[in-house]
Structure formats: C-alpha cells, structure tokens
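If you read the sequences in order, they're chains A and B. Numbering of the first sequence is given in the working numbering, commencing with residue 59 and proceeding in unit increments. Numbering of the second sequence is given in the working numbering, commencing with residue 59 and proceeding in unit increments.
Number of protein chains: 2
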Amino acid sequence: MKRLVLASSNPGKLREIQAILGPLDYEVLTQAALGIADAEEPHVTFIENALAKARHAAGLAGLPALADDSGVCVPALGGEPGVHSARYAGNAAGREARDAGNNDKLVAALAACGERRAYYYCAMVLVRHAADPQPLIGEGYWWGEISAQARGDYGFGYDPHFFLPALGRTAAELDPEHKNRISHRGQALRQLVEKLRGFP
Amino acid sequence: MKRLVLASSNPGKLREIQAILGPLDYEVLTQAALGIADAEEPHVTFIENALAKARHAAGLAGLPALADDSGVCVPALGGEPGVHSARYAGNAAGREARDAGNNDKLVAALAACGERRAYYYCAMVLVRHAADPQPLIGEGYWWGEISAQARGDYGFGYDPHFFLPALGRTAAELDPEHKNRISHRGQALRQLVEKLRGFP
C-alpha cells in the first residue's frame with residue numbers, strides 16, 4: 059500500500075479521488091487528517107494553483123502529494139468563474155452556503171445570455187516531494203451548459219446547474235460512479251495514473 | 059491565416075513546430091523576428107518555464123504565444139539534466155558547442171552506469187494573451203536510452219545519443235517528418251492542437 063497526501067479539505071473531492079485510487083493500492087490521506095492547513099492559491103491558472111497546493115502538502119507531510127485545482131469556465135463570461143469558482147460569490151461561511159451563493163450568481167450572470175456553454179476543468183498534479191522537478195500532470199475538460207434550474211442531489215459545487223445535453227441530466231443527477239467515469243476530475247486523474255504507470 | 063508567436067529562438071524547434079502547425083493555417087512568427095529577447099526560465103519545472111516564456115512573448119508581441127520547454131531526463135541521474143538540459147555543461151557560446159559539451163557530460167555521467175533509460179519530455183503551452191487564465195497544455199514523453207556513441211546528423215540537442223531500441227536508431231537518425239510523428243515535441247503539440255479544436 060502506497061501512501062500519498064491529498065492537498066484538499068473538500069470531502070467531495072476526497073470521495074471521488076479515493077474511488078479511483080483505492081483499487082490501485084494507494085492509501086489517500088487528507089492533509090487535514092495530518093494537521094496541514096489549506097495552501098494559498100494565488101495564481102491566475104489552475105495548473106499553477108494545483109502545483110502550489112501539492113508542493114505545500116508534500117513539504118509538510120513528507121509524502122508524495124496529489125492536488126487538483128478545478129472550476130467551471132463559461133466562455134460567454136470570458137472564462138469566469140474559472141479559478142474563482144469556489145469563492146465566486148464571496149467568502150460565506152460553510153461550503154453549502156458558498157455553493158448556493160455561487161450558483162445564484164452564475165445563473166443571474168447568464169440570465170440574459172443565449173450562450174450557456176460551459177466546461178468544468180481540472181488540473182491534477184502529483185509531486186513526489188516538494189522540489190520535484192517533474193510533476194505528473196493530468197487534465198480534464200467536461201463540456202456542458204449552465205441551466206437556470208437546479209436539479210439533482212449528488213455531487214457538489216455547480217453540479218446541480220451543470221447540464222449535460224447528451225445525457226439529459228445535470229452532473230448532480232449522476233451517481234458518483236457514473237460521474238467519476240466522465241467528469242473533468244475523473245479524466246484528469248486517469249490521465250495522471252496512466253503517466254504514473256509509464257514510469258520505471 | 060492565424061498568427062501566433064513562438065517563444066523560442068531555437069531554429070530546430072521552429073522547423074518542427076512549423077511543420078505541424080503550417081497545414082492548420084497558422085503562421086508562426088518567432089519572437090526573435092519581432093525583436094523579443096528570450097525570457098528568463100527561472101523555475102524547477104518545465105511547465106512553469108513554458109508558461110513564463112509564453113506570457114513574456116504574448117505580452118510583448120500582442121499575439122497569442124506558443125512556448126515549449128523540454129529536455130532529457132535520466133531517472134538514474136535523479137531526472138537530470140531535466141530543466142537544465144540546454145545548459146547542462148555550462149554556457150558555452152554557440153548552440154553547437156553547447157550541444158557537444160552537454161552530450162559529453164551526459165555520456166561521462168552514465169559511463170559507469172548500467173541503467174541508461176531516459177526520456178525526452180516536452181511541456182507546450184498556448185496562451186491567448188499574457189494574462190490568459192486558461193492556457194492550453196500539451197505534454198509529451200518519449201522514452202529511449204542514452205548511448206555512448208553518437209549517431210546521425212538530423213535533429214539537435216541530445217538527439218545523436220538518444221537511442222530508440224524499438225527502431226534501432228538514434229533520434230538524430232530519424233528524418234524530420236519521422237521524428238515529428240513520434241517525438242516528445244510532436245506528441246505535445248498534437249495534444250495541444252486537439253484541445254484547441256475542442257474550443258468553441
């Protein structure tokens with residue numbers, strides 16, 4: 059069993075990542091379980107924020123670290139919420155209150171807009187140690203559209219408003235296993251795992 | 059015809075990239091042709107150096123910019139030369155002198171080593187503007203081994219010592235079209251172009 063630390067305190071992300079890495083003989087510890095606080099995410103790109111989070115966790119835990127940075131990007135809004143997805147409507151206390159505020163703000167921003175295409179994006183990074191010169195990178199793009207009505211009880215974040223036309227359902231109407239097979243985070247993690255397998 | 063600036067002054071890279079992007083209706087200008095000097099490459103990772111180079115060129119050219127950062131990584135040497143590939147043996151004047159010194163140093167470092175596996179790695183980044191929050195990323199890994207004898211006249215850098223067991227040839231023995239089909243840079247660029255096509 060190989061141990062790695064997940065640089066996130068988001069329980070939804072932990073569930074999704076454990077489901078994919080568990081069968082590969084990885085024990086995923088959260089940084090919160092090791093007493094490590096969230097890192098700063100000061101960058102304008104997901105990939106740089108993911109690197110910053112992974113290095114922070116690897117340095118403090120003394121273990122390989124996995125971090126993702128992800129969000130929803132709406133081309134009609136110039137790519138927003140983008141890296142601001144988690145705090146798009148501000149810094150309300152509690153994840154559920156933030157999710158509700160974020161979704162309200164996004165739906166309002168698109169109320170008068172005919173173009174509702176959006177994609178969830180995930181950059182995932184694995185560093186073997188804090189100064190790793192060759193992080194493994196996985197990326198995922200998951201295209202859908204932002205619906206005015208919320209539907210579904212699974213997932214988190216923007217999932218209830220992230221409508222997948224090909225499935226006729228929102229991301230929050232997909233059971234976790236189904237979401238992992240197709241989501242941005244599932245794509246990124248599988249891409250990263252493939253690269254991991256390519257190493258001696 | 060779409061214009062973009064290539065954040066490199068390496069004529070070998072320009073030839074390889076033009077061969078792939080030309081048929082896609084891109085006119086690739088070098089930053090040198092626009093009077094833009096090489097950017098600093100201060101980071102420990104290829105991906106961050108590629109981002110730094112692309113932003114630098116995009117900001118000064120006022121055009122979308124493509125940058126790659128690439129090198130050869132030898133696991134038996136802890137990943138070296140890695141991001142130091144271009145200046146591994148120091149800062150000799152002239153590309154050919156640097157290539158020769160780098161190759162000599164690498165061959166010497168592996169002289170007593172039974173493990174010669176190595177990979178060329180390329181991180182390629184396209185930014186639409188200097189503050190682009192969502193750069194497109196392509197990566198390529200090209201596995202081979204470092205041979206003590208130099209062979210071949212094509213390519214540049216470590217190519218004459220980068221032996222491909224499946225082909226029985228070094229990278230410098232592949233004609234440019236063949237190299238582009240399979241090299242780290244060709245892989246990264248095609249991956250990036252695929253992502254570009256996915257955008258509305």
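The beta carbon of each residue, even a glycine, is placed where N, CA and C say it ideally should be. Here the structure is a predicted model, which is why all the values come from computation and not from measurement.
Rounding to the nearest angstrom, what Cα-Cα distance links residue i and residue j in this structure?
i	j	result
proline 122 of chain A	serine 67 of chain A	17 Å
glutamate 231 of chain B	serine 205 of chain B	13 Å
cysteine 131 of chain A	histidine 219 of chain B	44 Å
tryptophan 201 of chain A	arginine 175 of chain A	7 Å
valine 142 of chain A	glycine 129 of chain A	With the sequence shown as reference, residue 142 of chain A is identified as histidine, and valine is not the correct amino acid for it. So the alpha carbons of these two residues sit roughly 8 Å apart.
isoleucine 240 of chain A	valine 183 of chain A	19 Å
aspartate 211 of chain A	leucine 109 of chain B	38 Å
glycine 80 of chain B	leucine 164 of chain B	34 Å
glycine 120 of chain A	histidine 187 of chain A	7 Å
lysine 237 of chain B	tyrosine 146 of chain B	23 Å
tyrosine 178 of chain B	alanine 229 of chain B	10 Å
alanine 166 of chain A	glutamine 207 of chain A	11 Å
aspartate 157 of chain B	tyrosine 84 of chain A	41 Å
glycine 256 of chain A	asparagine 107 of chain B	23 Å
leucine 225 of chain B	alanine 144 of chain B	25 Å
alanine 189 of chain B	aspartate 96 of chain B	19 Å
glutamate 138 of chain B	asparagine 161 of chain A	46 Å
leucine 254 of chain A	leucine 254 of chain B	25 Å
Would you call residue i buried or exposed, if buried means 16 or more other Cβ atoms sit within 10 Å of its Cβ?
i	result
methionine 59 of chain A	exposed
alanine 155 of chain B	exposed
alanine 136 of chain B	For the sequence presented, residue 136 of chain B should be read as glycine rather than alanine. Looking at its Cβ environment, which holds fewer than 16 other Cβ atoms inside 10 Å, glycine 136 of chain B is exposed.
phenylalanine 104 of chain B	buried
glutamate 252 of chain A	exposed
arginine 243 of chain A	buried
cysteine 180 of chain A	buried
alanine 116 of chain B	buried
glutamate 98 of chain B	exposed
asparagine 149 of chain B	exposed
aspartate 233 of chain B	exposed
glycine 198 of chain A	buried
glycine 140 of chain B	buried
leucine 168 of chain B	buried
Can you name, in chain order, every residue of its own chain whose Cβ lies under 8 Å from the Cβ of residue i, other than the five neighbours on each side?
i	result
glutamate 235 of chain B	Ala77
arginine 227 of chain A	Arg209, Gly210, Phe221
proline 223 of chain A	Gly202, Glu203
Measuring CA to CA, which of the options is closest to residue i?
i	options	result
lysine 71 of chain A	A/Arg255, A/Asp126, A/Tyr84, A/Tyr178	A/Asp126
isoleucine 94 of chain B	B/Asp83, B/Pro81, B/Arg113	B/Arg113
tyrosine 101 of chain B	A/Leu254, A/Pro191, A/Val165, A/Asn149	Per the sequence presented here, residue 101 of chain B reads as histidine, with tyrosine not at that position. Measuring from the Cα of histidine 101 of chain B, the nearest candidate turns out to be A/Pro191.
arginine 248 of chain A	A/Leu62, A/Ala65, A/Glu74, A/Pro69	A/Glu74
phenylalanine 214 of chain B	B/Pro193, B/Leu82, B/Gly152	B/Gly152
glycine 196 of chain A	A/Asp96, A/Arg61, A/Gln245	A/Gln245
leucine 87 of chain A	A/Ala65, A/Asn160, A/Gly148	A/Ala65
leucine 69 of chain B	B/Ala90, B/Arg61, B/Asp162, B/Tyr84	Looking at the sequence provided, one finds proline at residue 69 of chain B rather than leucine. Taking only the C-alpha atoms, the option nearest proline 69 of chain B is B/Ala90.
glycine 159 of chain A	A/Tyr216, A/Asp96, A/Arg61	A/Tyr216
Report all residues from its chain with a CB closer than 7 Å to the CB of residue i; omit the five preceding and five following residues, and keep chain order.
i	result
leucine 82 of chain A	Val251
leucine 92 of chain A	Val63, Ala119
valine 185 of chain A	Ala112, Arg113, Ala116, Pro122, Ala123, Pro193
arginine 61 of chain B	Glu85, Leu87, Leu121
Below 6 Å CB to CB, which residues in the same chain sit around residue i once its five sequence neighbours on both sides are set aside?
i	result
alanine 134 of chain B	Cys171, Glu173
By DSSP's criteria, residue i is part of a beta bridge. Which residues make up the other side?
i	result
alanine 125 of chain A	A/Val183
alanine 176 of chain A	A/Gly202
arginine 61 of chain B	B/Glu85
arginine 227 of chain A	A/Leu222
glutamate 197 of chain B	B/Ala181
Mind pulling the chain E residues with CB within less than 7 Å of residue i?
i	result
valine 141 of chain A	Going by chain labels, chain E is absent from the structure shown, which instead holds the protein chains A and B.
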